[in-house]
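*Asks:* Shown below is the structure under consideration.
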Amino acid sequence: MHVRSAPTPDNPGLLPESELWKRRDEPEVKAELPGRFLAFAKSVAIKYSGPAEQIDDLIQVASLGLMNAIDRFDPDNGAPFLAFASATINGELKRHFRDRVASLRLPRDLYERIGELERTTSYLRNELVREPTFEETADAMGCDEEEVLECMAAQSARHPIPIGRDESDHADAVLEDRLGGPDEELGRSESRILTAQILRSLDPWDRRVIELRFNDEMSQVEIAEQLGCSQMHVSRNLRRILDGLADQLTAEPDDELSQRDRLGTGRPKHR
């Protein structure tokens, strides 16, 4: 019959978790803690995976979050470590996606239009006592719906507006508030992550259109000249991409099949 060895200073793997936290400054214990919770960190990372995202990169980010959680965890606060680690690891992954999207620059005129969109939306919300539709917003701004969608997409990528949270999101927010989360902004809307996922899912031609519009600040006519196609073709593609972005900002982040269906990724065969 196998007899389990008694815990010793040289064998911290047999110590109960409560004892590990008391002795975590000891080299042997400090080396044991990451391995004990690595599987949990991997499970959190997998939730953020997508067809264009290397899971190994996400696991590396999640592992960094795990190490931060181990260093900062205070068992005297009363919350279990996994709850604290979940908030910290999710925060690190959100930072990872946030930093990607933050590099996206906006055309100067869009900054002004975003401000107008916010003022118009606020006014219509008060007047209608509900959220205005794209058509109502476009009419009030004196533009077409495509421009409203473009403004909303840019607004969400750069300054996300909190959207409805599910219970797990709320739990993470409560934990971050109670335990001192890694960054208050990281507990906000998932829209940055969704935006990054969509940008990564675009095929090279569509991504090039977005880069020319946002990074190079080109007009649709200039983009058409650059790519050797019609302005109407550029307009249709921008509408398709922005429609998909607008849909995904209110969809589940792990709904990959629906994301591909709504985006209709892939360059159209006919111009």
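Residue numbers (the working numbering): 455 to 725.
Ideal placement from N, C-alpha and C gives every residue a C-beta, glycine not left out.
Which residue's Cα is closest to the Cα of L603: L564, E482, D479 and L520?
*Replies:* The shortest Cα separation from L603 among L564, E482, D479 and L520 belongs to L564.
*Asks:* Starting from E590, follow the alpha helix (DSSP H) in both directions and report where the run begins and ends.
*Replies:* Taken as a continuous stretch (DSSP letters only), the alpha helix (DSSP H) holding E590 covers F588 to M595.
*Asks:* Is it the case that the region 568 to 585 contacts the region 671 to 679, given that we only count it when at least three CB pairs across the two stretches are under 8 angstroms?
*Replies:* Contact between the region 671 to 679 and the region 568 to 585 is absent, because fewer than three Cβ pairs lie under 8 angstroms.
*Asks:* Helix or strand or just coil, what does DSSP make of G634?
*Replies:* Here the model assigns G634 a pLDDT of 39, short of 50, so the residue's position is not dependable and the matter cannot be decided.
*Asks:* Tell me which residues share the same chain as P529 and place their Cβ nearer than 6 angstroms to its Cβ, disregarding the 5 neighbours each side in the sequence.
*Replies:* Taken in chain order, the residues that qualify are W475.
*Asks:* Output yes or no for whether 9 angstroms exceeds the beta carbon distance between S540 and V498.
*Replies:* Against a cut-off of 9 angstroms, the Cβ pair of V498 and S540 comes out as a contact.
*Asks:* Rounded to whole angstroms, how far is the Cβ of E600 from the Cβ of L692, which I believe are closer than 8 angstroms?
*Replies:* About 7 angstroms; that satisfies the 8 angstroms criterion.
*Asks:* Is the beta carbon of L512 closer than 9 angstroms to that of I500?
*Replies:* In this structure, L512 lies closer than 9 angstroms to I500 by Cβ.
*Asks:* Just reading off the alpha helix (DSSP H) that G682 is part of, what are its end residues?
*Replies:* Taken as a continuous stretch (DSSP letters only), G682 belongs to no alpha helix (DSSP H), as it is neither H nor E.
*Asks:* Let's test the definition: count the other Cβ atoms within 10 Å of the Cβ of D660 and tell me whether it reaches 16, buried, or not, exposed.
*Replies:* Buried is the call here.
*Asks:* Indicate whether F527 and F538 have their beta-carbon atoms separated by less than 9 angstroms.
*Replies:* Contact flag set, yes.
*Asks:* Going by DSSP, what residue range makes up the alpha helix (DSSP H) through P658?
*Replies:* Looking at the DSSP string, the run of the alpha helix (DSSP H) that includes P658 is P658 to I664.
*Asks:* Leaving out five residues on either side along the sequence, give the residues of the same chain with a beta carbon under 7 angstroms from the beta carbon of L536.
*Replies:* Counting only Cβ-Cβ distances below 7 angstroms, and skipping sequence neighbours, we find F494.
*Asks:* Less than 6 angstroms between C-beta atoms, sequence neighbours within five positions excluded: which residues of the same chain meet that for V688?
*Replies:* Cβ neighbours of V688 beyond the five flanking positions: Q674, I677 and A678.
*Asks:* Taking the straight line between their C-alpha atoms, what separation do you get for P534 and R567?
*Replies:* About 46 angstroms.
*Asks:* Please work out which residues of its chain come closer than 6 angstroms, Cβ to Cβ, to C605, disregarding the five sequence neighbours upstream and downstream, and give them in chain order.
*Replies:* Same-chain partners within the cutoff: R567, I568 and L571.
*Asks:* Tell me which residue opens and which closes the alpha helix (DSSP H) that K496 is part of.
*Replies:* Where K496 is concerned, the enclosing alpha helix (DSSP H) stretches over P481 to I500.
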